[in-house]
Ligand SMILES: Cc1cc2nc3c(=O)[nH]c(=O)nc-3n(C[C@H](O)[C@H](O)[C@H](O)COP(=O)(O)OP(=O)(O)OC[C@H]3O[C@@H](n4cnc5c(N)ncnc54)[C@H](O)[C@@H]3O)c2cc1C
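In UniProt numbering, the protein residues as written are 1 to 387.
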């Protein structure tokens with residue numbers, strides 16, 4: 001690990017544990033995520049501490065994935081940490097995408113305010129199941145875009161759009177005759193209307209997750225990201241690093257939840273001795289230790305693969321499944337070890353448990369990753385038969 005990443009990771013850890021964690025009971029947290037007023041205050045504190053957007057350097061370049069892992073795991077030590085440090089989804093993935101694909105003019109207009117923590121963003125891909133639109137299968141996309149002079153016109157409906165309510169930047173995916181396209185749009189926009197913010201199990205992301213209607217959205221042609229028909233290729237650029245950064249942040253959250261459960265198990269007495277001395281509890285802590293280490297190793301292994309410059313599609317699928325499933329087990333054991341306290345909001349353990357449940361679905365449900373890995377296994381096997 002480089003010195004610059006170790007130094008930043010230490011600073012982020014101190015900031016999150018000392019400055020951000022005391023905000024975990026702030027009343028400006030709602031079931032649809034922390035209010036923007038709270039997020040802005042936390043970002044201001046991160047700016048002062050020199051840990052705002054710590055994974056992007058002043059010259060616009062990005063830390064390596066290995067370095068990013070060291071920093072983002074620490075930012076995840078509180079559910080509010082990624083919001084404070086500007087390493088949260090979907091902004092982190094959106095900044096990565098724009099950094100790699102956007103033109104210099106689009107970077108100035110859309111990316112820079114995101115890096116500076118002035119605007120947050122949303123990524124509009126998924127469509128309502130009731131419409132028969134894109135979900136696990138993005139090729140089912142129904143949202144259309146058509147050229148009209150030097151503009152494009154976009155129509156459709158999107159759902160589960162994290163942070164749409166209150167975002168300043170949107171990345172919209174739509175289909176043209178040439179294939180998928182991506183557009184950048186300033187939000188709020190009169191042609192993009194929030195139908196409703198969904199009530200979901202998780203509560204860490206500002207703005208929650210919204211269903212939106214896009215009605216006759218006219219955008220100048222130069223607000224298309226890259227080329228027409230290349231949208232799915234750009235989505236691939238975002239996909240693996242964004243998946244992996246979810247793993248990083250939630251690993252940090254589970255490390256902290258496990259620390260809270262460990263303290264409880266050492267201090268709480270039952271049947272004449274501390275809980276940890278009962279084998280049933282001690283084994284849960286041992287299993288957590290093993291799952292956490294395996295998750296960490298998968299993250300750094302996948303980060304190293306991405307740092308070679310490959311897309312790492314299969315590796316990030318493997319990491320996403322292994323890490324999200326392992327962290328679900330860890331969070332569940334933390335709740336169990338803490339008894340009734342585990343399901344209260346007295347500690348972050350309860351929230352981490354809820355958040356990880358949703359993580360097994362977004363950025364590709366576990367089964368979809370396994371299905372695509374199985375297709376690769378079949379392809380590779382067939383190749384071996386012909387040589
Ligand atoms: C908290 C949260 C935040 C999200 N944020 C965003 C966002 O910001 N932007 C955005 O565009 N989308 C977002 N999403 C949407 C997310 O990407 C989709 O939920 C996901 O892609 C699955 O699509 P779906 O919900 O339509 O499930 P469906 O496609 O209906 O699939 C349902 C289930 O079927 C199973 N399944 C599907 N295909 C297969 C297969 N090939 N093999 C085996 N089993 C299969 C899986 O178990 C899957 O969970 C978010 C979702 C959640 C829960």
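For glycine and all other residues, C-beta sits at the position ideal for the given N, C-alpha and C.
Predicted, not measured: the structure shown is a model, and the values here were computed from it.
| Query | Result |
| --- | --- |
| Quick check on DSSP: helix, strand or coil for residue 86? | coil |
| Verify whether the separation of the beta carbon atoms of residue 39 and residue 81 is less than 9 Å. | no |
| What is the rounded straight-line gap between the Cα of residue 292 and the Cα of residue 326? | 7 Å |
| Can you list, in chain order, the residues of its chain whose CB lies under 7 Å from that of residue 75, leaving out five sequence neighbours each side? | 12, 16, 81, 82, 85, 87, 249, 252 |
| Using three-state DSSP, classify residue 222 as helix, strand or coil. | helix |
| Identify every residue that forms a DSSP beta bridge with residue 152. | 147, 219 |
| Among the candidates 27, 206, 329, whose CA atom is the shortest distance from the CA of residue 197? | 206 |
| Are the Cβ atoms of residue 186 and residue 169 separated by less than 9 Å? | yes |
| Let me check you understand the geometry: is the CB of residue 231 closer than 8 Å to at least one non-hydrogen atom of ligand 3? | Of the ligands one can find in the structure shown, namely ligand 1, none is ligand 3. |
| On the three-state DSSP scale, how would you describe residue 253? | helix |
| Expressed to the nearest angstrom, what Euclidean distance is found between the alpha-carbon atoms of residue 274 and residue 343? | 20 Å |
| Taking the alpha-carbon of residue 329 as reference, which of 308, 288, 279 has the nearest alpha-carbon? | 288 |
| My output table needs one value for residue 180: the three-state DSSP class, helix, strand or coil. | strand |
| With respect to 8 Å, is the separation between the Cβ of residue 123 and the closest non-hydrogen atom of ligand 1 below this value? | yes |
| What are the boundary residues of the beta strand (DSSP E) that includes residue 196? | 192-198 |
| Look up residue 158 in the DSSP assignment and give the residues it is bridged to. | 212 |
| Report yes if the C-beta of residue 367 is less than 8 Å from at least one heavy atom of ligand 1; otherwise report no. | yes |
| Is the region 88-105 touching the region 55-65 in the sense that three or more CB pairs, one from each, lie closer than 8 Å? | yes |
| Based on Cα-Cα distance, which residue from 243, 139, 298 lies nearest to residue 361? | 243 |
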